[in-house]
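Have a look at the structure below before the remarks.
Residue numbers (this note's numbering): 14 to 530.
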């Protein structure tokens, strides 16, 4: 069986970083870990060809070669996913679709004429699919409420990737999260009991990408890396020795809950294993909104203290923020800006609340008759898909203004400098000869931020201070500066698209509602 694995396009988003990635001659931030894991679970006598639409076009020779097309992706990729299903069916190809979007919105994929839906977790449903294919079936839906152990999950087929196209590699240690945030679909997809691989499994995956020549950033894609703290610590104790023996070839990033700050041993182990960054779902500094959406883990300790503690331990905090919770008071956008400025968080991902299919929030809003017919999307350029408890025009205006302020060039450069100065000292820093790619990226960055813009004097003033006071972490600081290349453009995109959607929303309201508002 010749299986063409297609990974759909991501729209421009907070994380797309096109202009930043261009500095280091990369085409995408991360590879499609889900699809290369699928390739590892499927029969290895099959032939595989991977096309990541984010780095290359799908050619007619790709379509001609394929006997079966397998597509997987997230809800933010749905437009291109459905387009590729249609393109495959135009060429009379068998199409199988899976992944998070298909699992939570199967009818939308069926309506696009996909032949097979391989839903939920592939360790269970992919063997069902293979059995159907071997029997000659031409369609089917495969589901399982059972959550598989991931201790038997094979090493993903990293050999299918063009590694030079990516800025990060990806690995996964666990699935699931113990918390119950109302708006989150992770617990819907993977459950509330975190399941982990063994340390030996994870180290074997790192060994594989090491043997394939990868050196650099690795993203541990767990939605809450510390969901099972006992097993995480067992991993980190072994990972620490592996990293030291390999002379720290990877800088690690992951996602975690804010209660990481409560565990000094865990933070110390992560830093010793070369974890450089951690993404935290802060959501909002408003305690009432956190309680209403069941994000109780963010209410136990002062958020500012937790962020400061993680920062001083030596890990750079990235954080997610949301506006539009029920019962939210006016000026929520201003409070988020103030919180970010107070904590100096460099990368503050900010979006309007979306109700995602099958979540507790979706179910509640559906019962209350508040869902709109706009579907669901989690991009930062998407208006809310439900009727909020305060005026949506007010929320959207606050959102756009806050995003604009957060990524103003002067505000951003000042914030990342202040944050960098309190970031704990880097561990395991190895001096290495810079590559041509690094030299090229540095030259472009110095030109784009040190010569062209009006903020060039601020850039040079801060850079000189960094060189004098904390030169060992220069690469981290320059990377933060490079992100500005993306945000300078992206904040215009956010403003334009949200304002356009808002105008369309207002125009579609009945005249009586327009008069009342």
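Beta carbons are placed, not taken as given, at the ideal position from N, Cα and C, and that holds for glycine.
- Here residue 267 carries a strand assignment [DSSP, helix/strand/coil].
- For residue 134, the three-state secondary structure derived from DSSP is coil.
- In its chain, beyond the 5 residues on either side, 185, 186, 187, 267, 268 have a beta carbon closer than 7 Å to the beta carbon of residue 235.
- Here the alpha carbon of residue 460 sits roughly 24 Å from the alpha carbon of residue 229.
- Residue environment: residue 226 is assigned as exposed (fewer than 16 neighbouring CB atoms within 10 Å of its CB, all protein chains considered).
- At a Cβ-Cβ threshold of 8 Å, residue 130 and residue 110 count as neighbours.
- By the Cβ test, the segment 507–516 is in contact with the segment 390–397, since at least three Cβ pairs between them sit closer than 8 Å.
- Straight-line measurement puts the Cα of residue 489 at about 21 Å from the Cα of residue 464.
- The residues 184, 186, 248, 252, in chain order, have a CB closer than 8 Å to that of residue 215 in the same chain once the five nearest residues on each side in sequence are set aside.
- Secondary structure remark: continuous alpha helix (DSSP H) runs of at least 4 residues inside the segment 210–278, in chain order: 212–224, 242–258.
- Non-local C-beta neighbours of residue 78 in its own chain, meaning closer than 8 Å and more than five positions away in sequence, comprise 15, 17, 62, ordered along the chain.
- Nearest to residue 300 by alpha-carbon distance, out of 341, 277, 270, 91, is 341.
- In this structure, residue 327 lies near residue 436, with their beta-carbon atoms less than 8 Å apart.
- Distance check between residue 22 and each of 332, 306, 96 places 96 closest, using alpha-carbon atoms only.
- Counted as a single uninterrupted DSSP element, the stretch harbouring residue 354 is not any beta strand (DSSP E) but the alpha helix (DSSP H) occupying residues 345–356.
- The DSSP-derived three-state label of residue 168 is coil.
- Where residue 329 is concerned, the enclosing beta strand (DSSP E) starts and stops at 329–336.
- The Cβ-Cβ distance between residue 468 and residue 422 falls below 8 Å.
- Under the Cβ criterion (8 Å, minimum of three pairs), the segment 115–133 counts as touching the segment 84–99.
- Judged by DSSP secondary structure, residue 181 falls within the beta strand (DSSP E) whose first and last residues are 181–184.
- Between residue 400 and residue 419, the gap from beta carbon to beta carbon reaches 8 Å or more.
- One alpha carbon belongs to residue 305, the other to residue 339, and they sit about 8 Å apart.
- For residue 318, the number of other beta carbons within 10 angstroms of its own is below 16, and it is reported as exposed.
- Inclusion of residue 503 and residue 27 in the CB contact set at 8 Å is warranted, their separation being smaller than that value.
- Apart from the 5 residues on each side of it in sequence, residue 353 sits with its Cβ closer than 7 Å to the Cβ of 361, 419 in its chain, given in chain order.
- Exposure of residue 449 is indicated by the presence of fewer than 16 other C-beta atoms within 10 angstroms of its C-beta.
- Close CB contacts of residue 475 within its chain, under the 6 Å cut and outside five residues either way in sequence, are with 430 (chain order).
- Note on residue 480: under 16 other CB atoms within 10 angstroms of its CB, so exposed under the neighbour-count rule.
- Within its own chain, the residues whose Cβ lies closer than 7 Å to the Cβ of residue 201, once the five positions on either side in sequence are excluded, are 117, 371, 372, listed in chain order.
- In the same chain as residue 170, and ignoring 5 residues on each side of it, the C-beta atoms closer than 6 Å to its own belong to 49, 52, 53, in chain order.
- Between the alpha carbons of residue 320 and residue 415 lies a distance of about 20 Å.
- Residue nearest to residue 158 within the set 203, 174, 127, 277 is 203 (criterion: CA-CA distance).
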